[in-house]
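Protein chains in written order, with the numbering used here: chain A, 24 to 142; chain B, 129 to 234.
All C-beta atoms, glycine included, are put in the ideal place defined by N, C-alpha and C.
Down below is the structure, laid out as structure tokens.
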């Protein structure tokens, strides 16, 4: 069964850092585009970042560019999101998602992990 | 950047109703549009990709149409499990979601 499982969320102070993980199973991780999408409490979906299967290409929303870094470990079938200089505006549920091709729809989603930025 | 605008924001309907919602792109995105369904506390679920292609396992009462800048999602006969929020997403240039249409019980 194709599955994504996020972890690493929690409470962090403004200005702090956090690393999210997304463990993939049931498919060859390196063959697909992988993304992070977030949803602030009571709000809509916001695309955050995408990485190609090879890891050679990365893309970021303007709101996180320079602060967040997406990466993948093909040997562990795991996607990461390193988040630095966090602010209250980054408080959200963070979902990882898989797409059939790099520039494509997201066909499989994880259950999400909550990140709360607060003092 | 491409902006996506959904209408209406909220739609009140009854079981059995035919429901249509719209998504407009700020510039042409060809057919590179997806629709997702999200229920409270759950992850989004892909319904439609490439504007009109039904994702495997999705009931045939869901259909999508459109190209260029205007798209629609139609539910032919609303079922109890269809009360949810629906999002469109363009993937022609990067990825952008619309703000969502909530389908609520009338």
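Query                                                                                                                                                                           : Result
Any beta-carbon of chain B closer than 8 angstroms to the one on residue 129 of chain A?                                                                                        : yes
DSSP beta-bridge partners for residue 163 of chain B?                                                                                                                           : B:176 and B:216
So residue 104 of chain A and residue 37 of chain A are supposed to be a Cβ contact under 8 angstroms. How far apart are they, rounded?                                         : Not confirmed; about 18 angstroms, so no contact.
Could you tell me the alpha carbon to alpha carbon distance between residue 121 of chain A and residue 137 of chain B, rounded to whole angstroms?                              : 27 angstroms
List the residues that DSSP assigns as beta-bridge partners of residue 127 of chain A.                                                                                          : According to DSSP, residue 127 of chain A bridges with nothing at all.
Quick one: is residue 183 of chain B near chain A, going by C-beta distance under 8 angstroms?                                                                                  : yes
Answer yes or no: does any C-beta atom of chain A fall closer than 8 angstroms to that of residue 201 of chain B?                                                               : no
Can the beta-carbon of residue 134 of chain A be found closer than 8 angstroms to that of residue 171 of chain B?                                                               : yes
At least one CB of chain A closer than 8 angstroms to the CB of residue 224 of chain B: is that the case?                                                                       : yes
Give the DSSP bridge partners of residue 132 of chain A, in chain order.                                                                                                        : A:120
Among residues of its own chain, excluding the 5 on either side of residue 81 of chain A, which ones have a beta-carbon nearer than 6 angstroms to its beta-carbon?             : 74 and 93
Of all the residues that make up the region 34-68 of chain A, which are near chain B by a beta-carbon distance shorter than 9 angstroms?                                        : 58, 60, 62, 66, 67 and 68
Can you name, in chain order, every residue of its own chain whose Cβ lies under 6 angstroms from the Cβ of residue 47 of chain A, other than the five neighbours on each side? : 27 and 100
Whose CA, out of A:116, A:29 and A:25, lies closest to the CA of residue 50 of chain A?                                                                                         : A:25
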